[in-house]
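Asker: A single structure is presented below for examination.
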Amino acid sequence: MIAQNPDFVTILIRTNDANSTLSPKNRRLLRLFKSIPVTPSPDWYKENLSAIVKELKERTTAHIALLSFPVIGEEIDLEANRRTGEYSAIISGVAQAHGVAYLPLNERMKAYLESQNKPSGYPYRPGLYQSSTASMQHFMLSRDLDSISARRGLQLTIDNIHLNRRGAGMVADLIESFILATI
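Residue numbers (the numbering used here): 3 to 185.
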């Protein structure tokens with residue numbers, strides 16, 4: 003990417019880091035499938051994100067924006083969403099320290115869920131079950147991802163982690179606003 007000398011770079015990474023702190027099962031799965039050299043922690047996340055931003059600033063002239071974490075699960079008071087808020091605060095701090103933009107995805111998603119005032123029809127659970135069953139429905143039964151989301155009573159995600167069209171639209175809107183405000 004750096005070799006392409008981009009005009010804009012937006013970064014939305016590592017939701018798995020926050021998710022891995024929610025259960026020993028999630029931690030084992032992340033280490034196994036992603037070959038992470040250490041147990042993820044907020045400090046390690048901050049260190050890695052800072053290194054990415056520093057390198058981008060040194061090697062490009064791009065306008066850089068960091069997106070806060072999307073929600074994990076759609077219950078605002080859930081421990082998972084408190085954790086996404088903690089990691090989003092880290093992202094905000096890194097953005098401020100490096101003088102890059104911060105795009106408040108987490109805050110926008112939580113505000114949306116609060117405004118809808120609907121209980122989640124499909125609570126977050128650690129592990130791969132929710133994403134695996136969504137994948138099976140999509141690939142084996144040819145179900146549209148948004149219909150899987152709707153059948154589960156979810157508003158922004160397909161499986162409490164991965165974004166549906168509405169959730170992804172929030173990402174796109176934030177990035178578009180960032181670009182338009184910068185040019």
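Think of the CB as a built atom: it goes at the ideal place given N, C-alpha and C, for glycine as much as any other residue.
According to the neighbour-count rule (16 or more other Cβ atoms, all chains shown, within 10 Å of its Cβ), is Phe71 buried or exposed?
Answerer: By the 10 Å Cβ count, Phe71 comes out buried.
Asker: Out of curiosity, what's the CA-to-CA distance linking Arg61 and Leu158?
Answerer: Near 35 Å, if we compare the C-alpha coordinates of Leu158 and Arg61.
Asker: Between Ile160, Glu77, Val173, Thr12, which lies nearest to His140 when the distance is taken from Cα to Cα?
Answerer: Nearest C-alpha to His140: Ile160.
Asker: Ignore the nearest five residues each way along the sequence and tell me which others in Leu24's own chain have a CB closer than 7 Å to its CB.
Answerer: Result list for Leu24: Glu81, Ala82, Arg85, Pro128, in chain order.
Asker: Report buried or exposed for Phe35, applying the criterion of at least 16 other Cβ atoms within 10 angstroms of its Cβ.
Answerer: So Phe35 ends up on the exposed side.
Asker: CA-CA distance, Leu143 and Gly95?
Answerer: Roughly 43 Å between the two C-alpha positions.
Asker: Starting from Ala136, follow the alpha helix (DSSP H) in both directions and report where the run begins and ends.
Answerer: Start and end: 131-143.
Asker: Relative to the C-alpha of Tyr104, which candidate in Asn18, Val173, Gln118, Arg30 has its C-alpha closest?
Answerer: Of the candidates Asn18, Val173, Gln118, Arg30, the one whose C-alpha sits nearest the C-alpha of Tyr104 is Val173.
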